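**Q** The sequence shown maps to residues -6 to 339 in the numbering used here. Yeah, the Cβ is synthetic: ideal placement off N, Cα and C, and Gly gets one too. Predicted model only: the values in this text are computed from it and were never measured.
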Amino acid sequence: MTHPASILLTGGAGYIGSHTFVALAQAGFTPVILDDFSTSNRAVLNRLQRITSQPVLCQQGSVADRVLVHDLMQRHSIAAVIHFAGFKAVGESVAQPLKYYDNNLGGMMALLRAMERTPCRTLVFSSSATVYGDPASLPITENFPRSHTNPYGHTKLVCEDMLAAVRESNPAWRTGVLRYFNPTGAHPSGLIGEDPTGLPNNLMPYVTQVAVGKRPFLNIYGQDYATPDGTGVRDYIHIQDLAQAHVAAVQALLKGADSFTVNVGIGQGHSVLDVVRAFEQASGKPVPYRFAARRAGDVAQCYADASLAKRLLNWHATHTLAAMCADAWRWQSNNPDGYANEPASV
Ligand code: UFG
-6 MTHPASILLT GGAGYIGSHT FVALAQAGFT PVILDDFSTS NRAVLNRLQR ITSQPVLCQQ
54 GSVADRVLVH DLMQRHSIAA VIHFAGFKAV GESVAQPLKY YDNNLGGMMA LLRAMERTPC
114 RTLVFSSSAT VYGDPASLPI TENFPRSHTN PYGHTKLVCE DMLAAVRESN PAWRTGVLRY
174 FNPTGAHPSG LIGEDPTGLP NNLMPYVTQV AVGKRPFLNI YGQDYATPDG TGVRDYIHIQ
234 DLAQAHVAAV QALLKGADSF TVNVGIGQGH SVLDVVRAFE QASGKPVPYR FAARRAGDVA
294 QCYADASLAK RLLNWHATHT LAAMCADAWR WQSNNPDGYA NEPASV
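1) Considering just the uninterrupted stretch of the alpha helix (DSSP H) at Gln274, what are its terminal residues?
2) Say the cut is 6 Å; is the CB of Arg208 nearer than that to a heavy atom of the ligand UFG?
3) From the DSSP output, which residues share a beta bridge with Tyr229?
4) If you compare alpha carbons, which of Val124, Ala297, His309, Ala6 is closest to His76?
5) Report back the beta-carbon spacing between Ala275 and Trp322 to the nearest angstrom; my notes put them in contact at under 8 Å.
6) In this structure, what does DSSP give as the bridge partners for Gly169?
7) Taking the CB atoms as reference points, tell me whether Tyr282 and Ile230 lie closer together than 7 Å.
8) Please determine whether the Cβ atom of Ser182 lies at a distance below 6 Å from any heavy atom of the ligand UFG.
9) Comparing alpha-carbon positions, which option in Leu98, Gln53, Ala72 lies nearest Asp29?
10) Helix, strand or coil for Ile360 per DSSP?
11) I'd like the list of long-range same chain contacts for Tyr8, defined as Cβ closer than 6 Å, with 5 residues on each side in sequence excluded.
12) Can you check DSSP and say which residues form a bridge with Leu1?
13) How is Tyr125 classed by DSSP in three states: helix, strand or coil?
14) Which residue from Val240, Ala78, Thr311 puts its Cα closest to that of Met101?
15) What three-state label does DSSP hand Met(-6) in the structure shown?
16) Provide the residue(s) that pair with Arg283 in DSSP beta bridges, ordered along the chain.
17) Between the stretch 252 to 265 and the stretch 293 to 308, can you find at least three pairs of beta-carbon atoms closer than 8 Å?
18) Helix, strand or coil for Gln89? Go by DSSP, reduced to three states.
19) Does the stretch 177 to 197 touch the stretch 137 to 146, meaning 3 or more C-beta pairs lie closer than 8 Å?
20) Quick check on Ala333: buried or exposed, where buried means 16 or more other Cβ atoms within 10 Å of its Cβ?
21) What does a CB cutoff of less than 6 Å around Ala319 pick up in its chain, not counting 5 residues either side in sequence?
22) Output the distance between the C-alpha atoms of Pro24 and Pro(-3), rounded to the nearest integer angstrom.
23) Using 10 angstroms around the beta-carbon of Glu161, count the other beta-carbons present and answer buried if the total reaches 16, otherwise exposed.
24) Measuring alpha carbon to alpha carbon, tell me which of Arg43, Gly10, Val117 ends up nearest Asp251.
25) Under 6 Å: does the beta carbon of Tyr94 sit that close to some heavy atom of the ligand UFG?
26) Leu50 lies in the beta strand (DSSP E); which residues open and close that run?
27) Looking at the structure shown, is Ile9 part of a helix, part of a strand, or coil, going by DSSP?
28) Grab the span of the alpha helix (DSSP H) containing Lys207 for me, first residue to last.
29) Looking only at its own chain, which residues have a Cβ that is under 6 Å from the Cβ of Ser119, when we skip the five neighbours before and after it?
30) For Gly4, is the classification buried or exposed, using 16 other Cβ atoms within 10 angstroms of its Cβ as the cut-off for buried?
31) Scan the stretch 285 to 335 and note each continuous beta strand (DSSP E) run of 3 residues or more that stays entirely inside, going in chain order.
32) For Gln47, does the count of other Cβ atoms within 10 angstroms reach 16, so buried, or fall short, so exposed?
33) Do the stretch 236 to 248 and the stretch 164 to 179 meet, that is, are 3 or more Cβ pairs less than 8 Å apart?
34) Out of Pro189, Ser55, Thr254, state which residue places its alpha-carbon closest to the alpha-carbon of Ala103.
Okay, structure coming up:
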């Protein structure tokens, strides 16, 4: 390869996209962001420039805009696409299902249509452990039956099926489906991290906001699950490990690997109380909590068998829960309001 391969990141300014941007740049790729900034902040671009010491290529716009996506791909001779852009709040998807079907399915459809008009047939897709529904046993392997319990989960499942259909129609397509478990933590610089809008849905951003004094206490949803301490168990994975999984996926596909679907987790479960204790230890801050009723739709336990990703991509997670907590805290304590007060220029 004479020049670095350009990789299009739809939703590249978001939490997972921004960390993957850094990992790709450091691996010698040229990442190009497409983002409509509906759930992200332009200020992240300054931070990416500071971390990578490189200009940040970014186009503002929607992945649903086929003409824009096509032009962008041609202009940058895109070799592979990572499709992060999508809504991800389970509760919101129940309240506003059409918003989810429109954005998540419409976005994927438009992207595939735009790609069809370019030479690029290489795509990595952000799927989720949500496609396993309530697993019958643990750990979860990729051949477990898939199901869905909300419109968000349904969109992930249908997107996976859309990719299977295009692969079937034309073997030139190479797709990598990454089923994320519970991404958490932040870049060790403390410059980029998770910046949810409004009340955080997920555990770690809620914990960090309690620790920084923005919320009085954490509600722990359920204390009577069939788990060692009664609280829900999940496979938390450091965002830096997740970002590296994307680099490994792109590298494999560009070297001609067959399409794959893999779990991206650490292969170990931690309870809500484990997270609270690890966070208190890492931050030195107390995290007051109260037990509350179970949250609708939550499963007791969910953790991956992560061995297929190791076998196919030679990737495995290396960061501990302590590192996830330390990095999440560095981000939150350095940026109590996230990106809110950062001037947006790049
Ligand atoms: N939890 C609390 N209090 C909170 C938030 C969460 O006790 O304020 C608990 C939950 O009940 C659960 C655990 O913390 O036991 C993790 O909850 P998250 O909301 O952080 O993560 P989920 O596993 O529920 O959801 C994640 C993704 C979803 C995805 C799902 C299944 O956020 O997008 O995994 O893959 F659908």
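**A** Once the coordinates are examined:
1) For the purposes of this step, residue 274 is taken as the residue at position 281 of the sequence shown. For Gln274, the enclosing alpha helix (DSSP H) begins and ends at 265 to 276.
2) Taking the sequence shown and counting its residues from 1, the one referred to as residue 208 is at position 215. No.
3) The count along the sequence shown starts at 1 and reaches residue 229 at position 236. Note: Tyr229 sits in a beta bridge opposite Asn175.
4) For this step, residue 76 is matched to residue 83 along the sequence shown. With respect to the C-alpha of His76, the residue from Val124, Ala297, His309, Ala6 having the closest C-alpha is Ala6.
5) Position 282 of the sequence shown, counted from the start, is the residue given in the question as residue 275. Position 329 of the sequence shown, counted from the start, is the residue given in the question as residue 322. Sure, about 6 Å apart at Cβ, within 8 Å.
6) Working through the sequence shown from its first residue, we reach residue 169 at position 176. Under DSSP, the beta-bridge partners assigned to Gly169 are Val117, Phe253.
7) The residue given as residue 282 occupies position 289 in the sequence shown. The residue given as residue 230 occupies position 237 in the sequence shown. With contacts defined as CB atoms closer than 7 Å, Tyr282 and Ile230 fail to qualify as a contacting pair.
8) Walking along the sequence shown from the start, residue 182 turns up at place 189. Ser182: no, Cβ never under 6 Å from the ligand UFG.
9) The residue labelled residue 29 in the question sits at position 36 within the sequence shown. Taking only the C-alpha atoms, the option nearest Asp29 is Gln53.
10) A question about residue 360 goes unanswered here, because the residues of the chain that appear run from -6 up to 339.
11) Translated into the one-based positions of the sequence shown, residue 8 becomes position 15. Result list for Tyr8: Glu187, in chain order.
12) Here the question's residue 1 lines up with position 8 in the sequence shown. Leu1 is bridged to Val25, Val74.
13) Position 132 of the sequence shown, counting from 1, holds the residue named residue 125. It is helical.
14) Taking the first residue of the sequence shown as position 1, residue 101 is located at position 108. The option with the nearest alpha carbon to Met101 is Ala78.
15) One-based indexing of the sequence shown puts residue -6 at position 1. Any answer about Met(-6) is weak, because its pLDDT of 48 lies below 50 and its placement is not dependable; what the coordinates show is given next. Met(-6) sits in coil when the DSSP states are folded into three classes, being neither helix nor strand.
16) Numbered from 1 along the sequence shown, position 290 holds the residue referred to as residue 283. Asn212.
17) With a cut-off of 8 Å, the stretch 252 to 265 and the stretch 293 to 308 count as touching, because enough Cβ pairs lie within range.
18) Here residue 89 corresponds to residue number 96 of the sequence shown, with the count starting at 1. Collapsing the DSSP output to three states places Gln89 in coil.
19) No: fewer than three Cβ pairs fall under 8 Å.
20) One-based indexing of the sequence shown puts residue 333 at position 340. By the C-beta density criterion, Ala333 is exposed, having fewer than 16 other C-beta atoms within 10 angstroms.
21) Along the sequence shown, one-based indexing puts residue 319 at 326. Taken in chain order, the residues that qualify are Ala275.
22) Translated into positions along the sequence shown, residue 24 becomes position 31. Translated into positions along the sequence shown, residue -3 becomes position 4. Answer to the nearest angstrom: the Cα atoms are 10 Å apart.
23) The residue labelled residue 161 in the question sits at position 168 within the sequence shown. Glu161 counts as exposed, since fewer than 16 other C-beta atoms from the protein chains shown sit within 10 angstroms of its C-beta.
24) Residue mapping note: residue 251 aligns to position 258 of the sequence shown, counting from 1. The residue with the shortest Cα to Cα distance from Asp251 is Val117.
25) Position 101 of the sequence shown, counted from the start, is the residue given in the question as residue 94. Answer for Tyr94: no, Cβ out of range of the ligand UFG.
26) To locate residue 50, count along the sequence shown from 1; it is residue 57. Leu50: member of the beta strand (DSSP E) spanning 50 to 53, first to last residue.
27) Looking up residue 9 in the sequence shown gives position 16. Under the three-state reduction of DSSP output, Ile9 falls in the helix class.
28) If you number the sequence shown from 1, residue 207 lands on position 214. Here Lys207 belongs to no alpha helix (DSSP H), and DSSP marks it neither H nor E.
29) Reading the sequence shown from its first residue, position 126 is the one you call residue 119. Excluding sequence neighbours, Ser119 sits near Phe77.
30) Translated into the one-based positions of the sequence shown, residue 4 becomes position 11. Result: buried.
31) Given a length threshold of 3 residues, the stretch 285 to 335 has no whole run of the beta strand (DSSP E) inside it.
32) The count along the sequence shown starts at 1 and reaches residue 47 at position 54. Note on Gln47: under 16 other CB atoms within 10 angstroms of its CB, so exposed under the neighbour-count rule.
33) Short answer: they touch.
34) By 1-based counting over the sequence shown, the position of residue 103 is 110. Measuring C-alpha to C-alpha distances from Ala103 to each of Pro189, Ser55, Thr254 identifies Ser55 as the nearest.
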